[in-house]
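The structure appears right after this line, and notes come after that.
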Amino acid sequence: MPELPEVETVRRGLAPHLVGRRIVRVDQRRPDLRWPMPPDLVQMLTGARVTELRRRSKYILADLDRDASLLLHLGMSGRVRIEGEGLGRFHHDPAVLPQHDHLVLTTEDGTTITLNDARRFGAVDFVRGEGHPLLAALGPEPLDDGFTPERLAAALAGRRTPIKAALLDQRIVAGLGNIYVCEALFRAGIHPTRPAGRIGPERIARLHAAIREVLLQAIEAGGSSLRDHRQTSGELGYFQHSFRVYGREGQPCLREGCGGTLRRIVQGGRSTWYCPVCQR
DNA sequence: AAAGTTGCCTGCAAGC
DNA sequence: TGCTTGCAGGCAACTT
1 MPELPEVETV RRGLAPHLVG RRIVRVDQRR PDLRWPMPPD LVQMLTGARV TELRRRSKYI
61 LADLDRDASL LLHLGMSGRV RIEGEGLGRF HHDPAVLPQH DHLVLTTEDG TTITLNDARR
121 FGAVDFVRGE GHPLLAALGP EPLDDGFTPE RLAAALAGRR TPIKAALLDQ RIVAGLGNIY
181 VCEALFRAGI HPTRPAGRIG PERIARLHAA IREVLLQAIE AGGSSLRDHR QTSGELGYFQ
241 HSFRVYGREG QPCLREGCGG TLRRIVQGGR STWYCPVCQR
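Using the numbering used here, the first residue of the first sequence is number 1, and each one after it goes up by one.
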């Protein structure tokens, strides 16, 4: 269930087991997830050493000591498990069905890294020299210095689309999904249906700060576990306990003295939760 | 058993 | 008219 904080949590869990290690065995259990995996996947990965593990938006990138990086996207239901000697036994996670283990990498020290994705909306591919179409149009990383209130304002200027939809558009800011958009809009006090281009500079600055704040707090909490997300250790993230609006339809607004009742609406086919009193 | 954390694609409308 | 851009909706496959 990965938005940026969940993907970052997975990246951090993976890094100590993968960076600097050589992949000695690759079991590809099916040819495709959302798209076909590259035909040379097994050949390219077998014997490769991972030199760096990065994240761009909701994508994990494993740089290899060959002319490519492995690109991983977890879609809606993707999980990564790490198992091996000295890592404790198989963690108890009955929701993971082995029939959805699609790719298993074994490193030189016997650790296995398993990509499990029931719905198969995820992706596995290589990024070769010329870049990758999935990465080409992505907007700024919200936690990087390049993401400023001014840049956000410029990206929203003139747009009549609701701010909720604009923030889900990965070309405007990369890495936000349904949960963190709802939470950021609540924290910024902005109504989800407000036209994106009709938010003043001061409120854009609040939104910018809210986006960063909620993402940083969620990363710190190991992400949010709804149905699918686990940290690579199998543990749950716990940011879902800090949701202020997501999934809280009909419940009272948590802002001191507000007294409003949270609502759910559907925008672009996705649920939006918000407080009609706080968010304007 | 309806709804779900993602994102691509299509089709239509609006704008230049 | 024709090209581009914007926006809404459908869809992929599976679980709870």
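C-beta: ideal position from N, C-alpha, C; glycine also.
Please read all numbers here as calculations on a predicted model, not as lab measurements.
>> Residues in the same chain with beta-carbon distance under 8 angstroms from Cys278, minus the five sequence neighbours each way, listed in chain order, please.
In response: Phe186, Gly189, Cys253, Arg255, Cys258, Gly260
> For Val26, which residues of its own chain have a beta-carbon under 8 angstroms away from its beta-carbon, when the five flanking residues on both sides are left out?
Replying inline: Only residues of its own chain outside the window of five on either side were considered, and among them Leu41, Val42, Leu45, Thr46, Leu103, Val104, Leu105, Thr106 have a CB closer than 8 angstroms to the CB of Val26, listed in chain order.
>> Report the CB separation of Arg34 from Phe121 in whole angstroms; it is logged as a contact under 8 angstroms.
In response: 6 angstroms
>> Give me the residue from Ile60, Leu4, Glu83 with the minimum Cα distance to Leu72.
In response: Ile60
>> Taking 7 angstroms as the limit between beta carbons, can you name the residues of its chain near Glu183, skipping five residues before and five after?
In response: A distance below 7 angstroms between beta-carbons, with the five flanking residues on each side excluded, links Glu183 to the following residues of its chain, in chain order: Val214, Phe243, Arg244, Val245, Tyr246.
> Which residues in the same chain as Thr51 place their Cβ atom closer than 6 angstroms to its Cβ, once the five residues preceding and following it in sequence are excluded?
Replying inline: Asp63, Asp65
> Going by Cα to Cα distance, which pick from Arg270, Pro133, Arg280 is closest to Gly178?
Replying inline: Per the sequence shown, the amino acid found at residue 178 is Asn instead of Gly. Among Arg270, Pro133, Arg280, the Cα nearest to that of Asn178 is on Arg270.
> Ser69 and Ala174 look like a contact to me (Cβ under 8 angstroms); what is the Cβ gap, rounded to whole Å?
Replying inline: Not confirmed; about 17 angstroms, so no contact.
>> Would you call the stretch 198-215 in contact with the stretch 142-158, where contact means no fewer than 3 C-beta pairs closer than 8 angstroms?
In response: yes
>> Give me the residue from Gly131, Leu115, His191, Pro201 with the minimum Cα distance to Ala154.
In response: Pro201
> Does the distance from the C-beta atom of Gly13 to that of Ser233 stay below 9 angstroms?
Replying inline: yes
> How would you call Glu8, buried or exposed, if buried means at least 16 neighbouring beta carbons within 10 angstroms?
Replying inline: Classification of Glu8: buried, given that the 10 Å Cβ count is 16 or more.
>> Can you tell me whether Gly197 is helix, strand or coil according to DSSP?
In response: helix
> Any idea what DSSP makes of Tyr246, helix, strand or coil?
Replying inline: Looking at Tyr246 - three-state DSSP - the assignment turns out to be coil, as it is neither helix nor strand.
> What are the start and end residues of each continuous beta strand (DSSP E) run of 3 or more residues lying completely inside the stretch 37-61, in chain order?
Replying inline: Those beta strand (DSSP E) runs which fall completely within the stretch 37-61 and span 3+ residues are 50-56.
> If you draw a straight line from the C-alpha of Pro38 to the C-alpha of Gly129, how long is it?
Replying inline: 15 angstroms
>> Assuming contact is defined by CB atoms lying nearer than 9 angstroms, are Arg159 and Pro195 in contact in what I supplied?
In response: yes
>> I need the DSSP call for Ile190, collapsed to helix, strand or coil.
In response: In the structure shown, Ile190 sits in coil (DSSP, three-state: anything other than H, G, I, E or B).
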